[in-house]
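Note that numbering that gives the first Met the number 0 gives residue 92 to position 93 of the sequence shown, counting from 1, and the numbers run on in steps of one. Where is the CB? At the ideal position from N, CA and C, for every residue including glycine. Values in this document were obtained by computation on a predicted structure and should not be read as measured data.
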Amino acid sequence: MDWQALDELAANAIDRTKDLFQTPVLLSMEGKSPLVLVDGVLLEQVFVNLLENASKHGGNTVAAKMTIRAEATMATVQVDNDGPGIPPDQVATIFDRFQHDAKKSGIGLGLAICKAAVEAHQGRIWAANIQPHGVRFTVELPLGKEPEIA
């Protein structure tokens with residue numbers, strides 16, 4: 000665990016997945032990038048998994064965007080895409096192990112791993128369909144006391 004800037008972790012995840020999208024994934028900051036005390040490799044992988052999931056289920060033409068903001072005690076990262084969304088009967092179970100689309104490859108562990116990783120950082124993750132189509136994954140992480148710069 001170390002202090003990490005969320006925008007750097009998000010930018011790294013975007014760079015690692017850039018070949019999956021026809022148009023670049025947008026990164027938007029609302030204010031200054033918050034520092035969070037996290038395992039940077041693990042949290043970056045969460046963002047990679049969410050972007051890979053967008054491409055896998057929406058195709059390479061899906062448009063994706065990451066938005067970062069900090070509030071009083073929490074940092075929030077939203078990963079939006081304009082893909083087909085989550086079937087309504089799967090929204091409640093999408094983070095359960097072995098939940099997957101039978102038409103797609105994989106065994107359904109990616110989002111379960113994301114949930115475990117975020118919860119290991121005392122955070123929360125959830126998904127919701129957005130209108131007119133698409134899905135938003137939201138990751139919330141607690142803000143600690145940022146280190147003082149000497």
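According to DSSP, residue 54 shares a beta bridge with no other residue.
Between the alpha carbons of residue 109 and residue 35 lies a gap of roughly 23 Å. Around the beta-carbon of residue 17, fewer than 16 other beta-carbon atoms lie within 10 Å, marking it exposed. In the structure shown, the three-state DSSP call for residue 62 is coil.
Residues of the same chain with their beta carbon placed closer than 6 Å to that of residue 118 are lacking, with the five preceding and five following residues left out of the count.
Going by beta carbons, residue 111 and residue 95 fall inside the 8 Å limit. A buried status is given to residue 3, since no fewer than 16 other beta-carbon atoms sit within 10 Å of its beta-carbon.
Counting along the chain, residue 138 sits inside the beta strand (DSSP E) bounded by residues 134-141. By the criterion of a C-beta distance shorter than 7 Å, residue 32 is surrounded in its chain by 4, 5, 6 and 67, once the five residues flanking it on both sides are discounted.
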